[in-house]
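The numbers in the sequence shown follow my numbering, run straight up by one, and end at 1120.
Working notes, beginning with the structure itself.
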Amino acid sequence: MEFDRPYSRQEFIRFLKGFLPIDAQLNEYQNIPFYTNTNFATSATRLGSCDSLGLNVYEVKHNSRNDARVGLSKDAFRFIADEGVNRALVVFIPEDSNDNYRFSLVELTLSWDVNDKVRRSYSNPRRYSYYLGKDVAYYTPNKYLNEPGRVVSVEDLRNRFSVDVLTKAFYNELSDWYAWAIKEIHFPNDIDDPHDNEKYNHEAAIRLITRLIFVWFLKQRKLIPWQFFDEPYIAEYLLEGFTPNARTNLFGKSTESRYYKAILQNLFFAMLNSPMTSEGSKELTERRFRKLNENGSASRTDFDNNKLMRYEKFFKNPDLFVELANSTVPFLNGGLFDCLDDKENGMYLDAFTDRESINRQLIVPDFLFFGEEVGKKIDLTGYYGYKKIVDASGVIDILKRYNFTVEENTPFDQDVSLDPELLGKVFENLLAAYNPETQTTARKQTGSFYTPRDIVQYMVNEALVAHLNRVVGSELEDQYRNLLDYSDTDLILSDSQRKSILEAVFKCKVLDPACGSGAFPVGMLQQMVHILQRIDPDNEMWRNMILESSLNSMQESMTLSDEERREIQEDVNRNFDEICNHPDYARKLYLIENCIYGVDIQPIAIQISKLRFFISLVIDQKTNSDPTENFGIRPLPNLEAKFVAANSLIGLQKRDGNLFDLDDIKADEKLLRLAKHRIFGAKTLRTKRKWKNRVAELRQKIADALIENNFIGNEQAADLIAWDMFDQHKYAPFFDPEWMFGVTGGFDIVIGNPPYVQLQKSIGATVRDKRGRDYEMKLGDLYDREGFLTFAKTGDLYCLFYERGVKMLKSGGHLCFITSNKWMRTGYGEKLRSFFVTETNPEILIDFGDVQVFESATVDTNILLLSKGVNRGKTMATTIQKNLLTGSFNLSDFMRHNAAESTFPSSDSWVILSPIEQSIKRKIEAAGVPLKNWDIQINYGIKTGYNEAFIITTEKRDEILVACADEDERKRTDALIRPILRGRDIKRYGYEWSNLWLIWVPWHFPYHLDTSIKGASEKAEAAFMVQYSAVYQHLLQYKEQLSARNKAETSIRYEWYALQRWGANYWDDFSKPKIA
45 MEFDRPYSRQ EFIRFLKGFL PIDAQLNEYQ NIPFYTNTNF ATSATRLGSC
95 DSLGLNVYEV KHNSRNDARV GLSKDAFRFI ADEGVNRALV VFIPEDSNDN
145 YRFSLVELTL SWDVNDKVRR SYSNPRRYSY YLGKDVAYYT PNKYLNEPGR
195 VVSVEDLRNR FSVDVLTKAF YNELSDWYAW AIKEIHFPND IDDPHDNEKY
245 NHEAAIRLIT RLIFVWFLKQ RKLIPWQFFD EPYIAEYLLE GFTPNARTNL
295 FGKSTESRYY KAILQNLFFA MLNSPMTSEG SKELTERRFR KLNENGSASR
345 TDFDNNKLMR YEKFFKNPDL FVELANSTVP FLNGGLFDCL DDKENGMYLD
395 AFTDRESINR QLIVPDFLFF GEEVGKKIDL TGYYGYKKIV DASGVIDILK
445 RYNFTVEENT PFDQDVSLDP ELLGKVFENL LAAYNPETQT TARKQTGSFY
495 TPRDIVQYMV NEALVAHLNR VVGSELEDQY RNLLDYSDTD LILSDSQRKS
545 ILEAVFKCKV LDPACGSGAF PVGMLQQMVH ILQRIDPDNE MWRNMILESS
595 LNSMQESMTL SDEERREIQE DVNRNFDEIC NHPDYARKLY LIENCIYGVD
645 IQPIAIQISK LRFFISLVID QKTNSDPTEN FGIRPLPNLE AKFVAANSLI
695 GLQKRDGNLF DLDDIKADEK LLRLAKHRIF GAKTLRTKRK WKNRVAELRQ
745 KIADALIENN FIGNEQAADL IAWDMFDQHK YAPFFDPEWM FGVTGGFDIV
795 IGNPPYVQLQ KSIGATVRDK RGRDYEMKLG DLYDREGFLT FAKTGDLYCL
845 FYERGVKMLK SGGHLCFITS NKWMRTGYGE KLRSFFVTET NPEILIDFGD
895 VQVFESATVD TNILLLSKGV NRGKTMATTI QKNLLTGSFN LSDFMRHNAA
945 ESTFPSSDSW VILSPIEQSI KRKIEAAGVP LKNWDIQINY GIKTGYNEAF
995 IITTEKRDEI LVACADEDER KRTDALIRPI LRGRDIKRYG YEWSNLWLIW
1045 VPWHFPYHLD TSIKGASEKA EAAFMVQYSA VYQHLLQYKE QLSARNKAET
1095 SIRYEWYALQ RWGANYWDDF SKPKIA
């Protein structure tokens, strides 16, 4: 079927006959009545059924003009429940046009209402949809609906509608592009160091692709001209000499970078970041090319002005380029596309400059964007670590193949297209696909993992329910859960209760202290908006609350004149005006300003978080065709005081009390709060600059007062003043919510997925110890003097995040983290368990056991929800023992049916047991001897320092044995390669060997028993190379990575090819029987 054509029932039925199993019956056309009022659905027709898949097929007509996904989903859930089926394929067609339509898989769980024997109720509803028809990319639906042929099972059907499958396919293509791009691009940095132009290529490539994906989402809203991405149009009308697939000779390819420099840089920095009109004017005078002198250089007034366009010489018709921009592209504000060049200090991260020496260094070849020919047979072996030769596509070619949706998917309603969450997934997987210092996989370096959408929503929901229980009252908990659900269960709430819930949401302060690309802040925003939609569908209570709050907060800081009050009222009314914006715009805008905060140590992560929030606001603004009105797009808010780059774990050293408790600075604090509010809402560059300068003045004044009153020391004051919320290059070495966010008294909710990094991990810095010996610093050295109660040298960074998170809560506030579950049982977790027992009240604990929540990370996890307060000794806990996180699994339902009340009274291991298991455990403990009292020795395992070299598969082992020079070497090598069990292979009552082997190479091997050898031995390496030539050749390919391990020891204390730690004092125990 041709999915890029308008809908035809006849064609669709023909497609279904080849798509569904052969038992499908598609002959009936029966009109279906609606038993309840619908949002947008006007008629439904049953087209057929398929018994083997347990589904019906429907055609639904609707009158929604804006493709209201949520309303249509609820209509579908209701009438399908009334039909008594729990799975259906539904095609949704607008009444007034067949041009575009949605093809959806709808699933839900049916049950009978207890109080109504006639009406069925439903839970866990899901809708997965393709958006099809005119002007829609054909590649995705064809690949998943046409090419695979008939559906063979329910699981196959779900995979055909799977966003995850689609995203993985897209990412695989993008990953190949990235691996290709970093070999071809050159971004300058330090102009005094000619070798430095390659140093930041990886991060620059990620910044480029995330900016480009964001622009692609804007293109979906028709806010970017299609001509900017059309290769034939660009070649014919826009750029001189634009031939991206040309080769300069038989073997070479052109490094011309006209597309990136002339089209994308001007789009990023001189269009999206530049207004079309001067303030108060209707003339389109501001977007233009810089003025040139007779010699072609920029005039003095325009030199290095980042708001003006460059590269006029590349254009066939520069006026056409400006005309296209001014007919479509809005000014977005928000610092979103600020050029990151620090020209005063010679740091050129973006290289958007008139300096020719920098321009020459900047190379982003045209073929990386449109490179189907040049991209053939690209060797990416060096990047992936295994032989891989691909036909790589230009990134624009890749983007064109896929469908995009600007609306964030939710677990209950998902478009089978790429949504803004993609920005997060690209960030988490690419950003740090390489660490420039160590050249090892950044995922292992940073310990960051992208949290699945279902897990995020569960944690957000539980945190919000806990917050509402505390603030409004626990007697309404069923209604809170009803609010957060996507079923159609009626709310039983009075007007006063609705208002109390609304106020509780508005006053809720939420922090993610390691926000990464914004999964949890975005998830929190979605669910808060959902609450507002259901509590206050016409936005009247929300409007009144915002107006009152805006006037009161301004009145606290200054005396308002009648004109200022009128300005505030007009601004609020403009944001709520449904002629200009959809209702969710005002909901999102004020929730972002008042409720949601994020911190991350990586500045680029903060940028990705901002991008996702900006997209969320853009999609709810209604556009027009008037450039003097910025096409109806209100310039986006400035989020510098909402998301900051800082080290969350390091607090500001200060006297007890709040920063702003001092009488000398209370007035200035109010002015500072006012200035931040004005920056958030600044609509022009001049206004933003004015309040930015005011913030800097007030910060300096407040810091001086704090020093004078001995509240902080000079060093802390220097940190306060040095922190610049507008600096996108670096992170602050400390985090203080009061100074950075103006939040006093703590947060209501701290939520997130903090990094999992061992504190013993080297940070790549060497210092001299007291004895004059070089010492390689560990991550833990940064935090062992920060007063953490949970610090253990063998521990993990996430333990410190738990403690810091609790300290940042207000009394009774809630923390909800997903982390490694090692703390529950390990020795290093003892201090953390003690902290939980004495300082918090654990409320919910889910141990995922060996169920892998994170697809690309083998880590055992848990979710813990706790409150800051007295431990009541009643934790609802459960263990998930089977891999249930697929299909229609619902974590809330699982908890409701399987969780048991548990008590964890001490720092001993926390083991989740059912009531019967708890009884058995008590009897065993009364009769048995604890393991710690056994007369046995427990040793540390082997540490390779680089698993990729030493831990091999059976296939690789066989390959090495075949490569041995003779039978004697083969026997020696066979004894050297030993089967290995990792921690993840040890199960509760046994083990599961993963067919992995360890190449066991001690220090100084094969002379490891010679105690006279001190330090790395050339003699030992020579013997190893001769006696174990096949193993040596295998390790030799990793020599660079192995030599980069612990630099204070590798090739100094031991040879580059040896294990980092090999159990020198107990190595012979490895050959003895063991207890798992």
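Built from N, CA and C at the ideal position, the CB exists for glycine as well.
Nothing here was measured: the structure is a model prediction, and the numbers come from that model.
Nearest-angstrom Cα separation, counted from GLY468 out to VAL504: 18 Å
Considering Cα atoms alone, identify which of GLY92, GLY379 and GLU519 is closest to ALA1123. This structure leaves residue 1123 out entirely; the chain is present only between 45 and 1120.
Presumed contact (8 Å Cβ cut-off) between VAL688 and MET598, rounded CB distance: 24 Å between Cβ atoms; not a contact.
Quick check on DSSP: helix, strand or coil for TYR1098? strand
Please classify GLY642: is it buried, with 16 or more other beta-carbons within 10 angstroms of its beta-carbon, or exposed? buried
From ILE636, CYS624 and LEU718, pick the residue whose C-alpha is nearest to that of GLY676; which is it? CYS624
Please work out which residues of its chain come closer than 8 Å, Cβ to Cβ, to PHE791, disregarding the five sequence neighbours upstream and downstream, and give them in chain order. LYS553, VAL554, LEU555, TYR641, PRO781, MET852, LEU853, LYS854 and GLY857
By the 10 Å Cβ neighbour count, where 16 or more other Cβ atoms means buried, how is TYR304 classified, buried or exposed? buried
Would you call the region 241-256 and the region 264-276 touching, i.e. three or more CB-CB distances under 8 Å? no
Quick check on GLY856: does DSSP put it in helix, strand or coil? strand
Could you check where the alpha helix (DSSP H) with LYS469 kicks off and where it finishes? 465-474
Taking the alpha-carbon positions, what's the PHE835 to ILE795 distance? 21 Å
Same chain only: Cβ atoms within 7 Å of GLU874, ignoring 5 sequence neighbours per side: SER951
Thinking C-beta only, is GLU637 closer than 8 Å to MET589? no
What three-state label does DSSP hand ALA1150 in the structure shown? Past the boundaries of the shown model lies residue 1150; the chain is included only from 45 to 1120, so the question cannot be answered.
Spatial neighbours of ARG772 in its chain, beta-carbon cut-off 7 Å, leaving aside the 5 residues before and after: Before going on, a small fix: residue 772 reads as Gln here, not Arg. Once the five neighbours on either side are set aside, the close Cβ partners of GLN772 are ASP382, LEU384, PRO647 and GLN651.
Under the three-state reduction of DSSP, which class applies to GLN896: helix, strand or coil? coil
Can you give the beta carbon distance from PHE205 to VAL460, rounded, assuming they're within the 8 Å contact cut? 6 Å
Contact belief for LEU569 with VAL549 at Cβ below 8 Å, rounded distance in angstroms: The Cβ separation is near 11 Å, so there is no contact.
Measure the alpha-carbon distance for PRO671 versus LEU99 and round it to whole angstroms. 49 Å
Could you tell me the alpha carbon to alpha carbon distance between ARG487 and ASN473, rounded to whole angstroms? Any reading at ARG487 must be qualified, since the residue scores a pLDDT of 33, below 50, and its modelled position is unreliable; no value is offered.
Among ARG265, VAL903, THR882 and PHE879, whose alpha-carbon lies nearest the alpha-carbon of ILE862? VAL903
So, do the region 432-443 and the region 217-225 have three or more beta carbon pairs nearer to each other than 8 Å? yes
Neighbourhood of LEU443 by C-beta, 6 Å cutoff - its chain only, sequence neighbours within 5 removed: TRP260
Contact under 8 Å by Cβ, TYR629 with LEU661: yes
In whole angstroms, what is the alpha-carbon distance linking ILE229 and LEU218? 16 Å
In angstroms with no decimal places, state the Cα-to-Cα distance between ASN513 and ARG525. 11 Å
Using 10 angstroms around the beta-carbon of ALA476, count the other beta-carbons present and answer buried if the total reaches 16, otherwise exposed. The pLDDT assigned to ALA476 is 48, lower than 50, so where the model puts this residue is not dependable; a value taken from the coordinates is nonetheless given after this. Per the 10 Å Cβ criterion, buried.
For TYR355, which three-state DSSP category applies? coil
Have a look at LYS421, ASP423, VAL439 and GLY390 and flag the residue whose alpha-carbon is nearest the alpha-carbon of ILE409. For the record, residue 409 in the displayed sequence is Pro; it is not Ile. Looking at the Cα atoms, VAL439 is the closest of the given residues.
Rounded distance between the beta-carbons of GLY92 and TYR75, thought under 8 Å: One point to set straight first is that residue 75 is Asn, not Tyr, in the sequence displayed. That belief does not hold up - the Cβ atoms of ASN75 and GLY92 are roughly 14 Å apart, past 8 Å.
Assigned secondary structure, HIS230 (DSSP; H/G/I helix, E/B strand, else coil): strand
Quick check on PHE333: does DSSP put it in helix, strand or coil? strand
With C-beta atoms as the reference, is ARG331 less than 8 Å away from ALA342? no
Less than 8 Å between the CB atoms is what I'm expecting for ILE659 and PHE258, so what's the real figure, rounded? 7 Å
Looking only at its chain, what residues have a beta carbon closer than 7 Å to the beta carbon of VAL1075, apart from the 5 residues adjacent to it on each side? ILE1004, THR1017, LEU1020 and ILE1043
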